[in-house]
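So the structure is just underneath, and the comments pick up after that.
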Amino acid sequence: MDNAFVRDKENAGCIIEYMRKQRHDFMNHIQVIWGYMQLKKYEKAADYIKHINKRYDVYGDIYRIQNPLLSLSLYSLVREAYKNDIDIDMEIETDSSVNNFFDSGYENIAESMIKLFNYIIGKTQQKSDKIIYIDVYTEDNKLYITFSNNINNEVNIYGNNREDELAKTVEEFKGLNIDISYSMHQNDLALSLIFCS
0 MDNAFVRDKE NAGCIIEYMR KQRHDFMNHI QVIWGYMQLK KYEKAADYIK
50 HINKRYDVYG DIYRIQNPLL SLSLYSLVRE AYKNDIDIDM EIETDSSVNN
100 FFDSGYENIA ESMIKLFNYI IGKTQQKSDK IIYIDVYTED NKLYITFSNN
150 INNEVNIYGN NREDELAKTV EEFKGLNIDI SYSMHQNDLA LSLIFCS
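Numbered per numbering that gives the first Met the number 0, the sequence shown spans residues 0 to 196.
Below you can see the structure in the form of structure tokens.
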């Protein structure tokens, strides 16, 4: 038996909270599928299972990232998107250098990422195509994370359409020594974060 959970008293509450959330989500999915089955809507049940499977594939990709703090951050962001009925298309290509990030200042980084992601969720909810594209990759000892609600994923350095809330969060990232660039046109928004090790 693995006693790692038992020994990790400091994070026990957080671990249990995430387990509760996952169980809650799972039970909700079971209830939806059961409802379709009772109504003899077998095709809808099958479609729903495919939809949920796609979402759990995204979670699986996140869990395979070698940096647990990055995995936890992305899991939280993706779960928030799903709660808002927004789909996620994610590409992850990281190597062992991903472990060099988030060692210091994690709380501030995570808080700023949540603010940015909530901003892009708000913009995405105003679009007909409710999907956020997330790209995570490492290259030349840098970690790149891009969030976009536009399939073209175009990011220009410091876009012209700066809104106060977004500009303020961008300034927070600059204080954390993280390069950030973004572009925005109406409800299309793309954000790129570059972390240096």
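Think of the CB as a built atom: it goes at the ideal place given N, C-alpha and C, for glycine as much as any other residue.
- request: Measure the alpha-carbon distance for Ser-95 versus Thr-123 and round it to whole angstroms.
  value: Here residue 95 is taken as the residue at index 96 of the sequence shown, counted from 1. Here residue 123 is taken as the residue at index 124 of the sequence shown, counted from 1. Rounded to the nearest angstrom, the two C-alpha atoms are 32 Å apart.
message: Assuming Ile-87 and Ile-131 are in contact, meaning their beta carbons sit under 8 Å apart, how far apart are those beta carbons, in whole angstroms?
response: Position 88 of the sequence shown, counted from the first residue, corresponds to residue 87. Position 132 of the sequence shown, counted from the first residue, corresponds to residue 131. With a Cβ gap of about 6 Å, Ile-87 and Ile-131 count as contacting.
- request: Could you check which residue in Tyr-47, Leu-115, Phe-194 and Phe-101 has the C-alpha nearest to that of Thr-137?
  value: Translated into the one-based positions of the sequence shown, residue 137 becomes position 138. Answer by Cα proximity: Phe-194.
query: Could you give the C-beta distance for Leu-190 and Ile-108, rounded to a whole number, given that I count them as a contact under 8 Å?
result: For the purposes of this step, residue 190 is taken as residue 191 along the sequence shown, with counting starting at 1. For the purposes of this step, residue 108 is taken as residue 109 along the sequence shown, with counting starting at 1. Rounded, the Cβ-Cβ distance is 14 Å, inconsistent with contact.
query: Cα-Cα, which of Leu-73, Glu-170, Ile-177 and His-184 is closest to Asn-151?
result: Stepping through the sequence shown from its first residue, residue 151 is reached at position 152. Cα-wise, what sits closest to Asn-151 is His-184.
Backbone CA spacing between Glu-92 and Lys-167 [nearest angstrom]: Position 93 of the sequence shown, counted from the start, is the residue given in the question as residue 92. Position 168 of the sequence shown, counted from the start, is the residue given in the question as residue 167. Roughly 30 Å between the two C-alpha positions.
field: Assigned exposure category for Ile-179 - 16 Cβ within 10 Å defines buried
entry: Taking the sequence shown and counting its residues from 1, one reaches residue 179 at position 180. Answer is buried; the Cβ neighbour count reaches 16.
message: What would DSSP say about Tyr-157, mapped onto helix, strand or coil?
response: Mapped onto the sequence shown, residue 157 falls at position 158. Because the pLDDT of Tyr-157 is 46, which lies under 50, any placement of that residue in the model is unreliable, and the number read from its coordinates should be weighed accordingly. DSSP places Tyr-157 in the coil class of the three-state scheme, outside both helix and strand.
message: Quick check on Glu-42: does DSSP put it in helix, strand or coil?
response: In the sequence shown, counting from the first residue as 1, residue 42 sits at position 43. The answer is helix: DSSP assigns Glu-42 an H, G or I state.
Element boundaries [alpha helix (DSSP H), containing Thr-123]: Looking up residue 123 in the sequence shown gives position 124. Note, Thr-123: alpha helix (DSSP H), 105 to 124.
message: I need the boundaries of the alpha helix (DSSP H) containing Asp-24, first residue and last residue.
response: Reading the sequence shown from its first residue, position 25 is the one you call residue 24. Counting along the chain, the alpha helix (DSSP H) containing Asp-24 begins and ends at 11 to 37.
- prompt: Looking at the structure shown, is Ser-191 part of a helix, part of a strand, or coil, going by DSSP?
  reply: Numbered from 1 along the sequence shown, position 192 holds the residue referred to as residue 191. In this structure, Ser-191 counts as strand in the three-state DSSP scheme.
- request: Go ahead and pull the three-state DSSP assignment for Ile-177.
  value: Translated into the one-based positions of the sequence shown, residue 177 becomes position 178. Looking at Ile-177 - three-state DSSP - the assignment turns out to be coil, as it is neither helix nor strand.
task: From the DSSP output, read off the bridge partner residues of Ser-182.
output: Within the sequence shown, numbered from 1, the residue matching residue 182 stands at position 183. Beta bridge pairing from DSSP links Ser-182 with Ala-189.
Nearest-angstrom beta carbon gap, Ile-61 and Val-77 [assumed within contact, 8 Å]: On the sequence shown, residue 77 is found 78 positions in, with the first residue counted as 1. On the sequence shown, residue 61 is found 62 positions in, with the first residue counted as 1. Indeed they touch by this definition, with Cβ atoms about 7 Å apart.
task: Name the one or two DSSP bridge partners that Tyr-132 has.
output: For the purposes of this step, residue 132 is taken as residue 133 along the sequence shown, with counting starting at 1. Partner(s): Asp-88 and Ser-147.
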